[in-house]
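Numbered according to full-length UniProt numbering, the sequence shown spans residues 1 to 436. Here a beta-carbon is modelled for each residue, glycine too, at the ideal position from N, C-alpha and C. Here the structure is a predicted model, which is why all the values come from computation and not from measurement. Reading through the structure tokens given below for one structure.
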Amino acid sequence: MSIYVEIVEDSKQFTDILAVASGYEIDEVAYTYVEIDEVGIQFYGRDWMKLRLMKLVYDLRIEIDEVVATIYVEIDEVYTIYVEIDEVGIQFTQRLDQSERMAEEKVLNWGICGAGKISNDFCSAMMTLSRYEREHKITAIAARSQEKAQKFADIFEAPKAYGSYTDVANDPEIEIVYIGVIHTEHVRLSMMMLEAGKHVVCEKPLAPTWQECKKVLDYAKEKKLLFLEAAWSRFFPVYDAIKEEVNSGKLGDISMVTTQFCVPIMSVERLNKKDLMGGVLLDIGIYCIQFACHVYGEMPEKIIATGSLNEEGVDEDGCVILLYSGNRKASLVYSGKTVFGNNTATILGSKGQIFVDDCFWCPKSVKLTETTLENKIPEGPSPYNFYNSGGLRYEADHAFKLIRSGQLDSPKYGYKDVEMIHKIIDEISKQIGLKY
């Protein structure tokens, strides 16, 4: 089976430990490509990374089989390198001592607001994490009716079901809340949960305008709580690989980014209702925008946008050009009224290119300049409603790691990213005449 491997360097101490174990010095976050089969482990990618991983695995006598999900490798009485092996990849992380290990492994109690399709997929995906039972617990489900909440809770064995979102805010056992309800409720529920002292992961879009988003982010900062707008694409390992490749210089001078997201979704009732924040810019156009921002990491100097509004006043499609300094560009196409498109993304440079396969916002593979990385995602206990929704596991895992390490702003999709993307959305909305 093909998997993706991430080496996470948490500190210089971890660097020293790994260097002793492997005989090599680790000086940066590094990625490589691995195949595990009945014969053993094969490493692909840069030679220096292959040597480190191979020597570490064999020196520490790490055995791989289908049964073993996690292995603790004791280096000495003080230091432990934790090795996690699952269907998706291997992660080597540091554990300094028993007390810190227990602190990091404290279960994160989740409250789930919403019992619809996306909440189902989030919960199902989270339960595929190999350390789910030690790190996460779906503690309560809240919906607009007690009956609906209880039915959902039964599926995921949640001990509590609430017919009111307020009950989640008032539950002292809940530490973090996932908000998977209709767009118009995102700001209200986010503020409610933050006021109650809960960390929040809220589905995108947080709000139709940057000013409304800013109100929530500022309040999260004031309360010293984590707030994540759930742009799930950013937490895929493939997106980490894209960022590393872009920063490595292997592409040369990047001059063009293209994305296409076309799916026939305008038959969905809520997308045709202005009072429900319908339209495709906030639903799928945002994915195109975040991809360009992921590559360039800055605001464009100029935005040129066109789009079609239906009789309800919501947008059905859009074509956007982002112009950056240095004659760099991004071309974004999205539509909710066409047949399925190729739905790919491309990054073009003077020396090479990156191609992200269908569907670029939840990719199963990416073609880098020298290799292709695949992203295998396991099936969850409840069937997914959306394509590759198992990738929501990375979002939940990222939230856990941020909270347990005391980080309140994500390095993968933080406040600056939210600001950049929503300011671009504001300008596109203005140009095409979209108002909520």
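Check your understanding: Mind checking arginine 134: buried by the 16 CB within 10 Å criterion, or exposed?
Key -> Under this definition arginine 134 is an exposed residue.
**Study point:** Residues near cysteine 262 by beta carbon distance below 6 Å, same chain, minus five either side
**Key:** Taken in chain order, the residues that qualify are Ser335, Thr338 and Gly341.
Exercise for review: For serine 308, collect the residues of the same chain with a Cβ closer than 6 Å to its Cβ; drop the 5 residues on either side in sequence, then sort them by chain order.
Suggested key: Closer than 6 Å at the Cβ level, and outside the excluded window around serine 308, lie Glu316 and Asp317.
Check your understanding: Grouping DSSP H, G and I as helix and E and B as strand, with all else coil, what is tyrosine 334?
Key -> For tyrosine 334, the secondary structure class from DSSP, reduced to helix, strand or coil, is strand.
Review point. Expressed to the nearest angstrom, what Euclidean distance is found between the alpha-carbon atoms of methionine 49 and valine 257?
Key: With a pLDDT of 42 at methionine 49, under the threshold of 50, the predicted position of this residue should be treated as unreliable, though the coordinate-derived value follows. One alpha carbon belongs to methionine 49, the other to valine 257, and they sit about 29 Å apart.
Exercise for review: Tell me whether the beta-carbon of isoleucine 424 lies closer than 9 Å to the beta-carbon of isoleucine 289.
Suggested key: Taking 9 Å as the Cβ cut-off, isoleucine 424 and isoleucine 289 qualify as a contacting pair.
Point to revise | Extent of the continuous beta strand (DSSP E) to which leucine 228 belongs | key: Following the DSSP letters along the chain, one finds leucine 228 inside the beta strand (DSSP E) bounded by residues 227–230.
Check your understanding: Leaving out the 5 sequence neighbours to the left and right, which residues in its chain are closer than 7 Å to serine 124 when beta-carbon positions are compared?
Key -> Counting only residues of its own chain and dropping the five nearest sequence neighbours on each side, serine 124 has a CB closer than 7 Å to the CB of Gly380, Pro381, Ser382 and Tyr384.
Check your understanding: Where alanine 142 and methionine 126 are concerned, what is the direct C-alpha to C-alpha distance, given to the nearest angstrom?
Key -> If you take the alpha carbons of alanine 142 and methionine 126, they lie about 17 Å apart.
Check your understanding: Helix, strand or coil: which one does DSSP assign to lysine 401?
Key -> In the structure shown, lysine 401 falls within a helical segment according to DSSP collapsed to helix, strand and coil.
Review point. To the nearest whole angstrom, what separates the beta carbons of lysine 364 and asparagine 375, a pair I think is in contact under 8 Å?
Key: Taking the Cβ atoms as the reference, lysine 364 lies roughly 5 Å from asparagine 375, within the contact range of under 8 Å.
Exercise for review: Please name the residue in Leu271, Pro172, Cys319 and Lys302 whose C-alpha comes closest to that of glutamate 311.
Suggested key: Ranking the options by Cα distance to glutamate 311, first place goes to Leu271.
Exercise for review: Measuring alpha carbon to alpha carbon, tell me which of Ile182, Glu301 and Ala231 ends up nearest lysine 274.
Suggested key: The candidate whose alpha carbon is nearest that of lysine 274 is Ile182.
Point to revise | Residue from Ile112, Asp154, Ser145 and Glu147 with nearest C-alpha to isoleucine 174 | key: Selected option, being the one with the closest Cα: Ile112.
Check your understanding: Distance, Cα to Cα, valine 356 vs glutamine 146?
Key -> Here the alpha carbon of valine 356 sits roughly 42 Å from the alpha carbon of glutamine 146.
Check your understanding: By the 10 Å Cβ neighbour count, where 16 or more other Cβ atoms means buried, how is aspartate 154 classified, buried or exposed?
Key -> Burial call: exposed.
**Study point:** Backbone CA spacing between glycine 352 and glutamate 185 [nearest angstrom]
**Key:** Going from the Cα of glycine 352 to the Cα of glutamate 185 covers about 43 Å.
Review point. Given 8 Å as the limit, is there contact between the segment 158–169 and the segment 243–254, that is, 3 or more CB pairs closer than that?
Key: The segment 158–169 vs the segment 243–254: no contact.
**Study point:** serine 119 - DSSP class collapsed to helix/strand/coil
**Key:** In the structure shown, serine 119 falls within a helical segment according to DSSP collapsed to helix, strand and coil.
**Study point:** For isoleucine 377 and methionine 1, the rounded distance between their alpha carbons
**Key:** Any answer about methionine 1 is weak, because its pLDDT of 29 lies below 50 and its placement is not dependable; what the coordinates show is given next. When rounded, the separation of the alpha-carbon atoms in methionine 1 and isoleucine 377 is 12 Å.
Exercise for review: Counting only the same chain and skipping the five closest in sequence on each side, list residues whose C-beta sits under 6 Å from that of methionine 277.
Suggested key: His183, Thr184, Pro208 and Tyr436.
Review point. My guess is that valine 320 and isoleucine 428 are in contact by the Cβ rule of under 8 Å, so how many angstroms apart are they, rounded?
Key: Right, their Cβ atoms sit about 6 Å apart.
Review point. So is glycine 326 buried or exposed if we call it buried at 16+ other beta carbons inside 10 Å?
Key: Classification of glycine 326: exposed, given that the 10 Å Cβ count is below 16.
Check your understanding: What span of residues does the beta strand (DSSP E) with alanine 305 cover, start to end?
Key -> It spans 302–309 - the beta strand (DSSP E) in which alanine 305 sits, taken as one unbroken run.
Review point. Going by beta carbon distance, what residues of the same chain come within less than 6 Å of glutamate 195, once the five residues before and after it are set aside?
Key: Within the same chain, glutamate 195 has no close Cβ partners at all.
Practice item. Please report the residue range of the beta strand (DSSP E) in which leucine 194 lies. Key: From DSSP, leucine 194 is part of no beta strand (DSSP E) but of the alpha helix (DSSP H) over 186–195.
Exercise for review: Please report how far the alpha carbon of valine 314 lies from the alpha carbon of arginine 131, in whole angstroms.
Suggested key: Valine 314 and arginine 131: Cα-Cα distance of roughly 42 Å.
Review point. What is the DSSP secondary structure of valine 295, reduced to helix, strand or coil?
Key: Note: valine 295 maps to helix in three-state DSSP.
Check your understanding: From the DSSP output, which residues share a beta bridge with isoleucine 254?
Key -> Beta-bridge pairing links isoleucine 254 to Gly349.
Check your understanding: Any idea what DSSP makes of threonine 166, helix, strand or coil?
Key -> In the structure shown, threonine 166 adopts helical secondary structure according to DSSP, grouped into three states.
**Study point:** Neighbourhood of threonine 166 by C-beta, 8 Å cutoff - its chain only, sequence neighbours within 5 removed
**Key:** Once the five neighbours on either side are set aside, the close Cβ partners of threonine 166 are Met192.
**Study point:** Whether isoleucine 403 touches histidine 199 by CB criterion (9 Å)
**Key:** Result yes, Cβ atoms of isoleucine 403 and histidine 199 sit closer than 9 Å.
Practice item. Using a threshold of 9 Å, state whether the C-beta atoms of isoleucine 347 and valine 246 are closer than that. Key: Yes, the Cβ-Cβ distance between isoleucine 347 and valine 246 is below 9 Å.
Exercise for review: Please state whether DSSP places leucine 276 in a helix, a strand or coil.
Suggested key: Judged by DSSP in its simplified three-state form, leucine 276 adopts helix.
Exercise for review: Round the Cβ separation of tyrosine 394 and phenylalanine 236 to the nearest angstrom and send it over; I've been treating them as touching at under 8 Å.
Suggested key: In this structure, tyrosine 394 and phenylalanine 236 form a Cβ contact; the two beta carbons are roughly 6 Å apart against a cut-off of 8 Å.
Check your understanding: Given a threshold of 16 other Cβ atoms within 10 Å of its Cβ, counted over all protein chains shown, does arginine 188 qualify as buried or as exposed?
Key -> Arginine 188 is exposed by the Cβ-count criterion.
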